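Asks:
Number of protein chains: 2
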Amino acid sequence: MPQPARPPRRVTIPDVARHAGVGQATAARVLGGYGSASAATRERVLAAAAELGYSTNAVARSMISGRTHTLGVVVADVENAYFARAVRGVSDVAARAGLQVVLANTDEDARKERAAVQMFVERRVDGLVVTPAGSDHAHLDKAIASGIPVVLLDRALGGAGLDSVVVDNRDAAQAAVAGLTSRGHTRIAVITSASPADDAAALASGADIWTTTERLTGYRQALRAAGIPRTAEIVRHTGYDRARARAAVLGLMTADDRPTAVFTTDNVATLGTLDALRDLDAHLPDDVSVIGFDDAEWATLIRPRLTVVSQPVQDLGGLAAEILLRRIDGSTARPRRHTLRSTYIDRESTAPAPATPRPLRLPPPA
Amino acid sequence: MPQPARPPRRVTIPDVARHAGVGQATAARVLGGYGSASAATRERVLAAAAELGYSTNAVARSMISGRTHTLGVVVADVENAYFARAVRGVSDVAARAGLQVVLANTDEDARKERAAVQMFVERRVDGLVVTPAGSDHAHLDKAIASGIPVVLLDRALGGAGLDSVVVDNRDAAQAAVAGLTSRGHTRIAVITSASPADDAAALASGADIWTTTERLTGYRQALRAAGIPRTAEIVRHTGYDRARARAAVLGLMTADDRPTAVFTTDNVATLGTLDALRDLDAHLPDDVSVIGFDDAEWATLIRPRLTVVSQPVQDLGGLAAEILLRRIDGSTARPRRHTLRSTYIDRESTAPAPATPRPLRLPPPA
DNA sequence: CGGCCCGTTGGTAACGTTATCAATCACCGG
DNA sequence: CCGGTGATTGATAACGTTACCAACGGGCCG
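For the record, the sequence lines run as chains A and B. Start counting the first sequence at 1; every next residue gets the next number (the numbering used here). Start counting the second sequence at 1; every next residue gets the next number (the numbering used here).
#1: When you compare the CB of Thr68 (chain B) with every CB in chain A, is at least one pair closer than 8 Å?
#2: For Met1 (chain B), does the three-state DSSP call read helix, strand or coil?
#3: Looking at chain A, is there any beta carbon in it that lies within less than 8 Å of the beta carbon of Glu322 (chain B)?
#4: What separation, rounded to the nearest whole angstrom, lies between the Cα atoms of Ala351 (chain A) and Arg183 (chain A)?
#5: Hey, Thr41 (chain A) and Asp126 (chain A) are a contact pair by Cβ (cut 8 Å); roughly how many whole angstroms apart?
#6: Whether or not the segment 239-258 of chain A and the segment 171-183 of chain A are in contact is what I'm after, with contact meaning three or more pairs of Cβ atoms, one per stretch, closer than 8 Å; do they touch?
#7: Closer than 8 Å by beta-carbon distance: list the chain B residues that pair up with Glu51 (chain A), in chain order.
#8: If you measure from the CB of Arg327 (chain A), is any heavy atom of the ligand COA nearer than 7 Å?
#9: Measure the beta-carbon distance from Thr211 (chain B) to Ala245 (chain B) and round it to whole angstroms, keeping in mind my assumption that it falls under 8 Å.
#10: Tell me the start and end of each unbroken beta strand (DSSP E) in the segment 62-123 of chain A that is at least 3 residues and wholly inside, in chain order.
#11: In the DSSP assignment, the beta strand (DSSP E) including Val249 (chain B) goes from what residue to what residue?
#12: Flag Leu157 (chain A) as yes if its beta-carbon sits less than 8 Å from any beta-carbon of chain B, otherwise no.
#13: Taking buried to mean at least 16 other C-beta atoms within 10 Å of its own C-beta, is Ile64 (chain A) buried or exposed?
#14: Measure the alpha-carbon distance for Ala27 (chain B) versus Arg236 (chain A) and round it to whole angstroms.
#15: What is the DSSP secondary structure of His338 (chain B), reduced to helix, strand or coil?
#16: Who are the Cβ neighbours of Gly35 (chain B) in its own chain at under 7 Å, not counting the five residues just before and after it?
#17: Taking 8 Å as the CB-CB cut-off, is Met119 (chain B) touching chain A?
#18: When the distance is taken between beta carbons, is Glu108 (chain B) closer than 8 Å to Ala76 (chain B)?
#19: By the three-class DSSP mapping on this structure, what secondary structure does Val309 (chain B) have?
#20: For the beta strand (DSSP E) that contains Tyr344 (chain A), what are its first and last residues?
#21: Determine the chain A residues that contact Ala84 (chain B) at a beta-carbon separation under 7 Å, and present them in chain order.
#22: Below 9 Å on C-beta distance, what does Ala104 (chain B) contact in chain A?
#23: Rounded to whole angstroms, how far is the Cβ of Val73 (chain B) from the Cβ of Val45 (chain B), which I believe are closer than 8 Å?
#24: For Ser310 (chain A), return the contacting residues in chain B, with the cut-off set at a CB-CB distance below 9 Å.
#25: Residues of chain B with CB closer than 9 Å to the CB of Arg210 (chain A), please, in chain order.
#26: Taking one C-beta from the segment 111-125 of chain A and one from the segment 336-351 of chain A each time, how about it: are there three or more such pairs within less than 8 Å?
#27: Would you mind reading off the limits of the beta strand (DSSP E) that contains Thr192 (chain A)?
#28: Going by C-alpha to C-alpha distance, which of A:Glu122, A:Ala194, A:His185 sits closest to Ala133 (chain A)?
#29: Within 8 Å (strictly less), CB to CB, does Ala60 (chain A) reach chain B?
#30: Can you give me the C-alpha to C-alpha distance between Pro335 (chain B) and Arg96 (chain A), rounded to a whole angstrom?
#31: List the residues of chain B whose Cβ lies closer than 8 Å to the Cβ of Glu348 (chain A), in chain order.
#32: Please list, in chain order, the chain B residues whose beta carbon lies closer than 9 Å to that of Ser55 (chain A).
#33: Could you please give the first and the last residue of the uninterrupted beta strand (DSSP E) stretch that includes Asp163 (chain A)?
#34: Taking only three categories from DSSP, how would you classify Arg236 (chain B)?
#35: Could you check if Arg258 (chain A) is buried or exposed, using at least 16 other CB atoms within 10 Å of its CB as the buried criterion?
#36: Would you verify that the beta carbon of Glu297 (chain B) is, or is not, closer than 8 Å to some beta carbon of chain A?
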């Protein structure tokens with residue numbers, strides 16, 4: 001009888017109590033591990049429970065305790081290594097506290113995000129980790145209003161009065177790009193998944209909304225600090241799309257006065273950039289220097305090894321979970337932004353700018 | 001008031017009913033979307049609900065319906081791209097049916113797996129996708145006995161009478177290795193995460209227990225078919241550990257009569273293998289041919305592009321979810337093993353065996 | 001020896017839904 | 001004008017746990 005024929009009637013506390021010859025409440029106390037019971041009765045109840053194959057109904061327990069021992073996690077896409085690591089970080093800390101993690105993927109779609117958050121509210125998760133896709137946070141406010149603490153991951157949503165866990169995007173990007181300018185690079189391209197609209201908004205308001213716009217700001221600050229004029233900025237918005245990133249770099253590198261360095265603001269952009277440079281037979285780092293944001297398992301596999309800004313992604317997730325646990329415990333500390341340090345890992349993909357950049361051309365298809 | 005001061009009393013159906021001036025049952029029918037109600041009352045109730053900010057309590061609903069609209073997924077580690085893709089596959093299909101996914105990582109620890117499964121049973125998930133860490137399945141049988149359908153992912157657990165979703169490991173491995181032997185390779189190493197004990201057991205019994213042992217069997221069959229004696233098999237069991245895989249390949253390649261080809265049975269082994277070959281300054285594919293099991297985003301990034309056996313991992317997860325949905329719907333079809341086809345992607349990392357293999361040495365540290 | 005405190009025990013009321021069922025009402029055909 | 005049919009409505013009983021409270025008995029202090 002390998003798969004369930006029909007949901008068999010489940011053993012409940014009254015069943016166990018009857019079988020053990022004690023009152024319901026007593027059996028409940030023993031099985032629920034609360035209140036008091038003599039050693040003798042405890043043993044009788046436990047024996048009866050084992051004999052009958054009793055298993056706690058966590059749903060009923062949640063119903064009354066108001067706790068589901070569950071954390072909702074809303075990310076763009078678990079398939080992306082970045083989010084996978086973050087989820088793992090949340091999951092580990094949560095598991096240690098006896099909570100489980102429920103997952104939702106949004107694919108950066110604000111509608112899906114709202115639906116997921118609402119579903120989590122209905123499920124009465126104990127806390128919510130969200131990587132917001134849009135700047136609207138009405139749905140998150142509603143969650144909080146209904147008693148569910150929320151922590152933003154990777155993106156801060158300035159002024160929303162929410163806890164958030166992010167890395168020092170601007171400083172890290174600035175330091176990385178400064179390393180490029182100090183080596184004589186003046187034509188430095190940045191490939192980013194930030195949308196042009198967000199970029200423009202950030203630029204106009206002076207306030208950074210997104211992780212990626214923060215990194216762009218860092219890039220711009222570094223250029224300015226090196227005395228490079230604004231007109232020499234080379235920014236390509238390629239969305240969250242490896243092929244578009246490749247195409248953009250291809251275009252950039254085959255034009256006159258091509259960039260001698262590329263800075264990418266996320267892993268997908270990095271992948272697309274390296275695709276293009278490989279296809280162009282570019283020799284890294286002599287022809288082009290590359291710095292990627294976010295480390296990857298393959299970063300040390302390619303030649304030259306990729307220089308990156310490495311983020312403590314798992315810690316980010318872990319910290320988010322810890323903040324949530326504290327809030328669940330009743331903390332009413334003022335919500336704030338928690339910033340973790342990223343580290344610059346200098347490997348082999350940067351070099352001084354070539355005096356006269358070698359022209360790059362796509363070889364004709366064989 | 002950014003984070004919840006204190007869990008506010010929640011609006012319930014009786015509240016809405018009172019406010020709308022109708023009976024509880026009527027309000028419940030409207031809000032629950034079942035039974036009948038006149039257009040006028042429906043509107044009144046909905047208005048009252050909106051005004052009061054009512055939100056369904058899914059826990060109470062589950063309590064009575066017996067459905068949690070939740071799937072439990074037990075994997076070794078979401079951080080691993082393979083499992084991340086599988087989880088995504090499950091999640092997508094589940095989401096389309098209105099179910100959410102609860103995640104548990106086991107790190108291949110059978111104890112953690114048992115704990116996770118038990119927790120899922122207590123939570124009354126509607127179904128369970130499990131990547132079993134050990135061959136013991138008592139805990140899974142218990143889940144099924146309690147009415148929760150289970151589908152095994154990636155690993156079949158022969159004879160357990162469970163549904164499982166796997167790829168054609170043996171055939172795919174055999175075909176891949178046969179491609180090597182047909183190109184004149186006779187010294188072909190395999191780097192695997194399978195434990196020596198499991199390998200020996202599989203070899204002795206003739207039955208394959210694990211995905212990885214199946215791939216080993218395919219390797220052995222290919223060698224036999226090519227007339228290569230058993231004594232010429234080169235198998236290294238490196239566990240689930242990139243560094244150990246690297247060390248093993250380092251040892252293998254610097255010995256006399258080194259292998260001219262390496263076949264890896266999983267991505268971690270592939271990574272470690274490529275680490276070693278890069279450190280040895282091996283020239284792929286002339287010095288060594290490499291075939292990896294499981295494709296990766298970086299496989300086309302390295303030079304030469306890596307030849308792999310590609311698995312439809314996301315489909316694997318999706319199919320597992322579909323089977324579960326059918327079982328939840330009441331299907332009592334005989335449990336069986338569902339095998340999906342993997343595809344051999346011939347890229348650039350294989351070549352004919354060199355007549356006289358160039359000796360490989362680790363360059364002295366600079 | 002009486003009064004009191006405390007560990008133990010069991011009955012029963014929550015928790016917030018859905019399920020069941022009887023009652024009511026309007027409408028229709030005969 | 002009456003019996004019947006079907007839609008609409010509301011009271012009330014589940015679901016399986018934990019919370020609450022009163023009752024009981026033994027030991028200890030005064």
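Using N, Cα and C, we set each Cβ at its ideal position, and we do this for glycine too. Every value quoted in this text rests on a predicted model; they were computed, and no experiment measured them.
Replies: Concretely, from the data shown:
#1: Yes - at least one Cβ of chain A is within 8 Å of the one on Thr68 (chain B).
#2: For Met1 (chain B), the predicted structure reports a pLDDT of 45, less than 50, and the residue's modelled location is therefore unreliable. A value from the coordinates is still provided. Of the three classes helix, strand and coil, the one that applies to Met1 (chain B) here is coil, per DSSP.
#3: No, because no Cβ of chain A sits closer than 8 Å to the Cβ of Glu322 (chain B).
#4: The alpha-carbon separation between Ala351 (chain A) and Arg183 (chain A) amounts to approximately 7 Å.
#5: At roughly 32 Å, the Cβ-Cβ gap does not stay under 8 Å, so Thr41 (chain A) and Asp126 (chain A) are not in contact.
#6: Remark: fewer than three beta-carbon pairs, one from each stretch, lie closer than 8 Å, so the segment 171-183 of chain A and the segment 239-258 of chain A are not flagged as touching.
#7: Within 8 Å Cβ-Cβ: nothing; Glu51 (chain A) doesn't reach chain B, min ~15 Å.
#8: Absent from the structure shown: the ligand COA. Ligands present: none.
#9: Going by Cβ atoms, the distance from Thr211 (chain B) to Ala245 (chain B) rounds to 17 Å, so no, they are not a contact pair.
#10: Runs of the beta strand (DSSP E) inside the segment 62-123 of chain A: 70-75, 100-105.
#11: Where Val249 (chain B) is concerned, there is no enclosing beta strand (DSSP E), although the alpha helix (DSSP H) it sits in stretches over 242-254.
#12: Closer than 8 Å to the CB of Leu157 (chain A) there is not a single CB belonging to chain B.
#13: That one is exposed.
#14: For Ala27 (chain B) and Arg236 (chain A), the distance between alpha carbons rounds to 54 Å.
#15: Here His338 (chain B) sits in strand by DSSP.
#16: Arg29.
#17: Closer than 8 Å: yes.
#18: The Cβ-Cβ distance between Ala76 (chain B) and Glu108 (chain B) falls below 8 Å.
#19: In this structure, Val309 (chain B) counts as strand in the three-state DSSP scheme.
#20: Per DSSP, Tyr344 (chain A) belongs to the beta strand (DSSP E) from 343-345.
#21: Among the residues of chain A, those whose CB is under 7 Å from the CB of Ala84 (chain B) are Val78, Glu79, Ala84, following chain order.
#22: From the beta-carbon of Ala104 (chain B), the residues of chain A found nearer than 9 Å are Ser91, Ala95, Gln100, Val101.
#23: About 37 Å; that fails the 8 Å criterion.
#24: Around Ser310 (chain A), no beta-carbon contact reaches into chain B at under 9 Å, the shortest distance being about 15 Å.
#25: Note on residue identity: the sequence assigns Trp, not Arg, to residue 210 (chain A). Within chain B, no residue comes near Trp210 (chain A); the closest Cβ sits about 20 Å away, beyond 9 Å.
#26: No, the segment 111-125 of chain A is not in contact with the segment 336-351 of chain A.
#27: Secondary structure note for Thr192 (chain A): its beta strand (DSSP E) is the uninterrupted segment 188-192.
#28: Nearest option by C-alpha distance: A:Ala194.
#29: Chain B, which has a Cβ nearer than 8 Å to the Cβ of Ala60 (chain A), makes this yes.
#30: Answer to the nearest angstrom: the Cα atoms are 35 Å apart.
#31: Contact annotation for Glu348 (chain A) against chain B: no contact, minimum CB-CB distance about 12 Å [criterion: below 8 Å].
#32: Neighbours of Ser55 (chain A) across chain B, judged by C-beta separation under 9 Å: Gln118, Val121, Glu122, Lys142, Ser146.
#33: Here the beta strand (DSSP E) through Asp163 (chain A) covers 163-167.
#34: If DSSP states are grouped into helix, strand and coil, Arg236 (chain B) belongs with the strands.
#35: Buried: at least 16 other Cβ atoms inside 10 Å.
#36: Closer than 8 Å: yes.
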